[in-house]
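The numbering used here applies: residue 2 is where the sequence shown begins, and numbers increase by one. By construction, the Cβ of each residue, glycine as well, lies at the ideal position given by its N, Cα and C atoms. Below is one structure, written out as structure tokens; the observations come after it.
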Amino acid sequence: MDNQTSLEILSEKVSQILQQYHSLKDENEALRIDIVSIKSESEIKNQEIEKLRDLNTQKDIEIEEIVSKIESILG
2 MDNQTSLEIL SEKVSQILQQ YHSLKDENEA LRIDIVSIKS ESEIKNQEIE KLRDLNTQKD
62 IEIEEIVSKI ESILG
């Protein structure tokens, strides 16, 4: 095996590079899918945060109205 021709050595190197390429391509696709999934989850969480902020604002307004009513009753 020490007497491999240059063509055989080159062929092995090309095969290794192709194998690495396909491996990296698969990994890249998996990461792309993860990114899409994470972006979707992030958007859902952002929407929920916005709903909670709106609800919090509404509750603050209700509290202010209650305080105003109590103050008007107490004079």
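Separation of E13 from R33, as counted between CA atoms: Reading the sequence shown from its first residue, position 32 is the one you call residue 33. Reading the sequence shown from its first residue, position 12 is the one you call residue 13. Answer to the nearest angstrom: the Cα atoms are 30 Å apart.
K26 versus S38 - alpha carbon distance: Residue 26 sits at position 25 when you count from the first residue of the sequence shown. Residue 38 sits at position 37 when you count from the first residue of the sequence shown. Taking the straight line from one Cα to the other gives about 18 Å.
Secondary structure of T58, DSSP reduced to three states: Start at 1 with the first residue of the sequence shown, and residue 58 comes out as number 57. Three-state result, T58: helix.
Reduced DSSP secondary structure (H/G/I, E/B, other) of Q21: Counting from one through the sequence shown, the residue named residue 21 turns up at place 20. In the structure shown, Q21 sits in a helix (DSSP, three-state: H, G or I).
Three-state secondary structure assigned by DSSP to N4: Locating residue 4 in the sequence shown gives position 3, where the first residue counts as 1. Coil, per DSSP.
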